[in-house]
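Just below is one structure, and these are the notes that go with it.
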Amino acid sequence: VSALLGIASSILWTSCGTYILSITAQKYYGRAIGIFNTVFSLMCILGMLTLGVLLSYYDFKISYLLILIPGIAGFFMLFLINDLKISKTIDFKEGLKNFFNPKFLIFLPLYVAQGFLFSLTIGIIPIEIKSMFSEIFIGIFGMLFYLIPLFSAYRVGKISDRIGRPALFVTFYILIGTAMLILLNKENFIIGISVFAVAFSFTKVLLIAYVGDLCKGKNLESGNALFNTALNLGVVFGFLTLMLIENNNMDNNLIYIISFFITILSLLGFVAKRKFK
668 VSALLGIASS ILWTSCGTYI LSITAQKYYG RAIGIFNTVF SLMCILGMLT
718 LGVLLSYYDF KISYLLILIP GIAGFFMLFL INDLKISKTI DFKEGLKNFF
768 NPKFLIFLPL YVAQGFLFSL TIGIIPIEIK SMFSEIFIGI FGMLFYLIPL
818 FSAYRVGKIS DRIGRPALFV TFYILIGTAM LILLNKENFI IGISVFAVAF
868 SFTKVLLIAY VGDLCKGKNL ESGNALFNTA LNLGVVFGFL TLMLIENNNM
918 DNNLIYIISF FITILSLLGF VAKRKFK
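The opening residue of the sequence shown carries number 668 in this note's numbering; numbering runs sequentially from there.
In structure tokens, the structure reads:
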């Protein structure tokens with residue numbers, strides 16, 4: 668069941684990004700994705716609050732069945748939106764070239780890094796929060812990753828439309844790298860988590876929009892699939908790295924050091940980009 672949910676969510680996420688970019692002019696990509704992330708964050712927060720209320724009255728099985736109702740309603744609402752063809756000119760070979768195009772490949776580490784960082788938010792960070800504080804703080808800190816986009820996603824997207832995605836990527840990834848170093852000192856754990864949550868939340872707006880920039884409105888399907896694959900590989904790589912660290916009884920801080928280097932080195936794509944101009 669978990670595997671099926673993973674496959675379904677990957678297809679859905681790729682489809683959402685492709686659809687939004689397809690109906691939006693390139694100069695408004697950031698704003699469009701900002702609106703999408705704002706609504707997404709709002710629904711996540713409402714979903715968590717609703718589930719919490721339901722669990723106070725019903726058992727887990729009934730609560731999860733009831734929380735499915737909005738999802739089922741959303742499924743039928745899909746039939747109300749305008750359908751789009753896969754491409755104006757379907758060209759499978761041209762789309763396949765994206766997987767071997769150096770202009771695309773140099774930015775794959777950017778998305779692998781994002782997936783690796785995401786694995787921290789559902790892996791080592793909740794474990795450390797529980798050991799340092801208590802279980803209730805896992806939800807409090809976890810809420811930051813939804814509250815921040817709720818109030819900032821559109822503005823970040825709008826700014827990225829004006830000054831470009833690369834400048835913001837570099838800024839936010841450097842902040843994330845700084846947060847990883849701060850997390851090495853447990854006395855500054857709250858500061859590190861806060862900086863990480865802010866910078867990581869801001870980059871989520873840029874990820875889909877930058878795919879549109881690279882594809883320039885063409886073969887968005889294969890472009891989104893390529894970069895989402897890289898992102899998911901980053902998640903898997905993150906969990907495998909954590910498992911390796913724990914199985915060998917190494918210091919958990921090693922995961923933050925690795926995250927620092929992966930994040931900073933992923934920015935080299937912007938340096939390499941100059942060679943392809």
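Each residue gets a CB set at the ideal place from its N, CA and C atoms; glycine is no exception.
What are the start and end residues of the alpha helix (DSSP H) that includes residue i?
i, result
"G697", "Y696 to L722"
"N891", "L887 to N914"
"T788", "L775 to T788"
"I690", "Unbroken run through I690: none, as it is neither H nor E."
"S798", "I791 to M799"
"I843", "R832 to I849"
"D880", "F856 to C882"
"N920", "N920 to L932"
"Y731", "F727 to M744"
"F767", "Per DSSP, F767 belongs to no alpha helix (DSSP H) and is neither H nor E."
"L935", "L935 to A939"
Under 7 Å between the Cβ atoms of residue i and residue j?
i, j, result
"A780", "I815", "no"
"I796", "F804", "yes"
"L887", "T685", "yes"
"I748", "Y821", "no"
"L817", "L709", "yes"
"A897", "L775", "yes"
"G936", "L688", "no"
"I700", "G824", "yes"
"F808", "I729", "no"
"M847", "F904", "no"
Just to check my reading of the structure: residue i and residue j have Cβ atoms closer than 8 Å, yes? What is that Cβ distance to the nearest angstrom?
i, j, result
"L921", "I931", "Going by Cβ atoms, the distance from L921 to I931 rounds to 16 Å, so no, they are not a contact pair."
"T681", "N891", "5 Å"
"L714", "I734", "Here the sequence assigns Gly to residue 714, which means Leu is not the residue at that position. Confirmed, Cβ separation roughly 7 Å."
"M799", "K853", "7 Å"
"G879", "Y725", "That belief does not hold up - the Cβ atoms of G879 and Y725 are roughly 43 Å apart, past 8 Å."
"I924", "T908", "Contact flag wrong, Cβ pair sits at about 11 Å."
"N899", "S677", "6 Å"
In its own chain, which residues sit with a C-beta less than 6 Å from the C-beta of residue i, not counting the 5 before and 5 after it?
i, result
"A866", "F839, L842 and I843"
"I929", "A780 and F783"
"E802", "none"
"V720", "none"
"F869", "V823 and F839"
"N895", "T681"
"I875", "G684 and I700"
Which same chain residues, not among the five before or five after residue i, have their C-beta less than 7 Å away from its C-beta?
i, result
"F906", "S786 and G790"
"Y711", "Here residue 711 is Cys; the residue named in the question, Tyr, does not match the sequence. The residues are Y813."
"L873", "S827, R832, L835 and F836"
"I858", "I849"
"K871", "N704 and P816"
With a CB to CB cut of under 8 Å and the five nearest residues on each side skipped, what residues in its chain are close to residue i?
i, result
"K694", "D828"
"T845", "V862"
Got a sec: does the ligand ATP put a non-hydrogen atom nearer than 6 Å to the Cβ of residue i?
i, result
"S926", "As for the ligand ATP, it is missing from this structure, which has no ligand bound."
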